[in-house]
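Using our numbering, the letters of the sequence shown correspond one by one to residues 44 to 213. From the three backbone atoms N, C-alpha and C, an ideal C-beta is built for every residue, glycine too. Structure first, then comments.
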Amino acid sequence: MQLTEELTAAMNQQVGHELSASSQYIAIAAHFDTQALSRLAAFFYAQADEERAHAMKFVHFIVEAGGALEIPAVPAPTARFASAAEAVALAVTSEDRVTRQIYALVDQAQADSDYISQRFLDWFVNEQFEEMSTMGDLLQVVERAGEEQLLRVEEYLERGGPAGPSGEAE
């Protein structure tokens, strides 16, 4: 199988997008870690690991499909936040952007009549649905709690919250 140049270039860009999302989640996790909000920090550290794993899925697919891997530069993440809600809202925005990027990849695979890539990308479409739901739920809880009640958010995550009882994002 040989990926088209267009799809290879777009998937290479997606590797960068996924690595950028991972870096952003590390920055968000560190923000919560410095405030001794260990559950929020753990949630976002796990999200960072997940985004890196997504990047690696693309890397392996590109290589196995005969494409040339070219990892783009990754911009520095936003590291300072005025509130917990601002940090989580950035995560929601990031997931929305990644969802649109995945949809564009699906569109390109369809235009190329590349059915193998379409099947590969189906997993990411489903994953983005879960990510959008999880981040949206967390933002609602953080906004409801407010900055003064973030320990309630920690309790919510401890009980299972959007990340499940193990504290790992799904």
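Own chain residues within Cβ distance below 6 Å of A98, not counting five before or after: Closer than 6 Å at Cβ, skipping near neighbours: V58, E61, L62.
Reference P115, options T47, M178, Y158, M54, closest by Cα: Nearest of T47, M178, Y158, M54 to P115, Cα basis: M54.
Residue interval of the alpha helix (DSSP H) (run including V117): Membership of V117 in any alpha helix (DSSP H) is not indicated, and neither H nor E is assigned to it by DSSP.
For Q161, the three-state DSSP class (helix, strand or coil): In the displayed model, Q161 falls within a helix according to three-state DSSP.
Buried/exposed call for R202, threshold 16 Cβ in 10 Å: Around the C-beta of R202, fewer than 16 other C-beta atoms lie within 10 Å, and the residue is accordingly described as exposed.
CA-to-CA distance, Y199 to Y158, given in whole angstroms: Their backbone Cα atoms lie some 41 Å apart in a straight line.
Spatial distance of V131 from F167 (CA atoms): Answer to the nearest angstrom: the Cα atoms are 21 Å apart.
Stretch-stretch touch, CB-based, cutoff 8 Å, three pairs: the segment 132-148 with the segment 65-83: As far as the Cβ criterion goes, the segment 132-148 touches the segment 65-83, which means the pair count is three or higher.
Close Cβ partners of F163 (< 6 Å) along its chain, the five nearest in sequence each way excluded: These residues qualify, in order along the chain: F104.
Pair within 8 Å by beta-carbon distance, L46 and A108: It is a contact, given that the beta carbons lie within the stated cut-off.
Length of the line joining the Cα atoms of M175 and R195: Distance between the alpha carbons of M175 and R195 is about 22 Å.
Option nearest S66 by Cα separation, candidates V117, Q144, R187: Here the closest residue by C-alpha is V117.
Nearest-angstrom Cα separation, counted from L182 out to E170: Straight-line measurement puts the Cα of L182 at about 18 Å from the Cα of E170.
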